[in-house]
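Chemist: Structure in structure tokens, see below.
Chains as they are written, first to last, in this note's numbering: chain R, 1048 to 1224; chain U, 173 to 344.
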């Protein structure tokens, strides 16, 4: 039931979540560049990464937004599987964790964008990004694509609901005075 | 800032700190080129051969070229991220970060590694047949369904290990 609820919420929220994610990431990307030409358009479940100051026939990158935000499903499933997860400050903790997810998804998309600019636009990339930046953005893209995406659900679940996770595991919690 | 320091002093904070540390070191090691060339790529090929054996038991007539698993009906390339190493790392880091005797940790790691191996072969075979029979669902199945299941499996295995072997947590 927890998995079904998580999938249902993800499917309903995704059409709203994806444009907000793309817009927020575009704002962040433009915040520290000049000219402010980073462009992220949403096409269904994908983001189209490009620049407004390049020729219209320049390369664009199509990125799966599902690959970025699917980890919400296992996280929500784990939360909903906890008995009484909403009690106490459970709902507040859920929204705090979702805010961290949103920040991580923004950064994941941002590093996709920056790695695309640094590595895939031929002479323009070479003229604007040195070796250090190319390696940095490629490394950040990898870090957010695999390690962060795969580990965030467990980290935030345990971090947010430690007391309930202990109860779920059946571990005795002894009070020490 | 103060509340964050207070969180780090709790059992949850200590676990999360250690867990993130083990994960970071683990993923950093896996990302190194010599490790990738000498460990990750051969391991990925090994996973492809495991799946080939399973498919051939089902009469598929599959073969492996490098990290590409193919039959007359379909072929899949197994990349980093699809070889199960991430799931293993998530599980192993969770086991190492949680307070428990070393013997229990070793037993947990060995058992979890084997379980994740079996699961990953099932995953590759299932994806292969998804590609054969409903190729339009391959992308959704690969990214959404199986990656979510991989994460959930790692967490469930970790929970089972904690429940069976870990040291009870003492709180003040």
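We treat Cβ as the ideally placed atom computed from N, Cα and C, and that holds for glycine.
1) Report the option in R:1123, R:1188 and R:1182 whose CA atom is closest to the CA atom of residue 1110 of chain R.
2) Output, in chain order, the set of chain R residues within a Cβ distance shorter than 7 Å of residue 203 of chain U.
3) List the endpoints of the continuous alpha helix (DSSP H) containing residue 1107 of chain R.
4) Starting from residue 221 of chain U, follow the alpha helix (DSSP H) in both directions and report where the run begins and ends.
5) With a Cβ-Cβ cutoff of 7 Å, do residue 1054 of chain R and residue 1126 of chain R count as a contact?
6) Does DSSP put residue 269 of chain U in a helix, in a strand, or in coil?
7) What residues from the region 255–283 of chain U come within 9 Å of chain R, judged by C-beta to C-beta, listed N to C?
8) Taking 7 Å as the cut-off, decide whether the C-beta atoms of residue 1050 of chain R and residue 1144 of chain R are in contact.
9) Counting only Cβ-Cβ distances shorter than 9 Å, please list the residues of the region 1110–1125 of chain R near chain U, keeping chain order.
10) At 7 Å on the CB atoms, spell out the chain R contacts of residue 195 of chain U, in chain order.
11) Entirely within the region 1048–1072 of chain R and at least 4 residues each: give me those alpha helix (DSSP H) ranges in chain order.
12) By DSSP, does residue 1087 of chain R sit in helix, in strand, or in coil?
13) Output, in sequence order along the chain, the residues in the region 281–300 of chain U whose CB is closer than 9 Å to any CB in chain R.
14) Pick out whichever of U:252, U:206, U:270 and U:322 has its Cα sitting closest to the Cα of residue 189 of chain U.
15) Keeping to the same chain, check which residues put their C-beta closer than 7 Å to that of residue 290 of chain U; ignore five residues upstream and five downstream.
16) Give me the DSSP bridge partner(s) of residue 1095 of chain R.
17) Beta strand (DSSP E) containing residue 372 of chain U: first to last residue?
18) Which of the three DSSP states is assigned to residue 243 of chain U in this structure?
19) So with Cβ pairs under 7 Å, would you call residue 1155 of chain R a contact of chain U?
Modeler: For this structure:
1) The residue given as residue 1110 of chain R occupies position 63 in the first chain. Check the Cα spacing between residue 1110 of chain R and each of R:1123, R:1188 and R:1182: the tightest is with R:1188.
2) Residue 203 of chain U sits at position 31 when you count from the first residue of the second chain. Ordered by position in chain R, the residues that pass the 7 Å Cβ test against residue 203 of chain U are 1189.
3) Residue 1107 of chain R sits at position 60 when you count from the first residue of the first chain. Looking at the DSSP string, residue 1107 of chain R is not in any alpha helix (DSSP H), and its letter there is neither H nor E.
4) Counting from one through the second chain, the residue named residue 221 of chain U turns up at place 49. Looking at the DSSP string, the run of the alpha helix (DSSP H) that includes residue 221 of chain U is 213–229.
5) On the first chain, residue 1054 of chain R is found 7 positions in, with the first residue counted as 1. On the first chain, residue 1126 of chain R is found 79 positions in, with the first residue counted as 1. No, the pair does not count as a contact, with Cβ atoms beyond the cut-off.
6) In the second chain, residue 269 of chain U corresponds to position 97, counting from 1. In the structure shown, the three-state DSSP call for residue 269 of chain U is helix.
7) Against chain R - using a Cβ distance shorter than 9 Å - the residues of the region 255–283 of chain U are 258, 259, 261, 262, 265 and 266.
8) By one-based count along the first chain, residue 1050 of chain R stands at place 3. By one-based count along the first chain, residue 1144 of chain R stands at place 97. Cβ atoms of residue 1050 of chain R and residue 1144 of chain R: not closer than 7 Å.
9) Those residues of the region 1110–1125 of chain R that come within reach of chain U (Cβ to Cβ, closer than 9 Å) are 1111, 1113, 1114, 1117, 1118, 1120, 1121, 1122, 1124 and 1125.
10) Here residue 195 of chain U is taken as the residue at index 23 of the second chain, counted from 1. Here the neighbours are 1194 and 1198.
11) Correct list: empty.
12) Counting from one through the first chain, the residue named residue 1087 of chain R turns up at place 40. Residue 1087 of chain R: strand per DSSP, three-state reduction.
13) Taking 9 Å as the cut-off between beta carbons, none of the residues of the region 281–300 of chain U comes near chain R.
14) Position 17 of the second chain, counting from 1, holds the residue named residue 189 of chain U. For residue 189 of chain U, the nearest C-alpha among the options comes from U:270.
15) One-based indexing of the second chain puts residue 290 of chain U at position 118. The answer is none, since no qualifying residue turns up.
16) For the purposes of this step, residue 1095 of chain R is identified with residue 48 of the first chain, where counting begins at 1. In the DSSP assignment, the residues bridged to residue 1095 of chain R are R:1088 and R:1109.
17) This structure cannot speak to residue 372 of chain U, because chain U is shown only from 173 to 344.
18) The residue given as residue 243 of chain U occupies position 71 in the second chain. Judged by DSSP in its simplified three-state form, residue 243 of chain U adopts coil rather than helix or strand.
19) By one-based count along the first chain, residue 1155 of chain R stands at place 108. So, not an interface residue.
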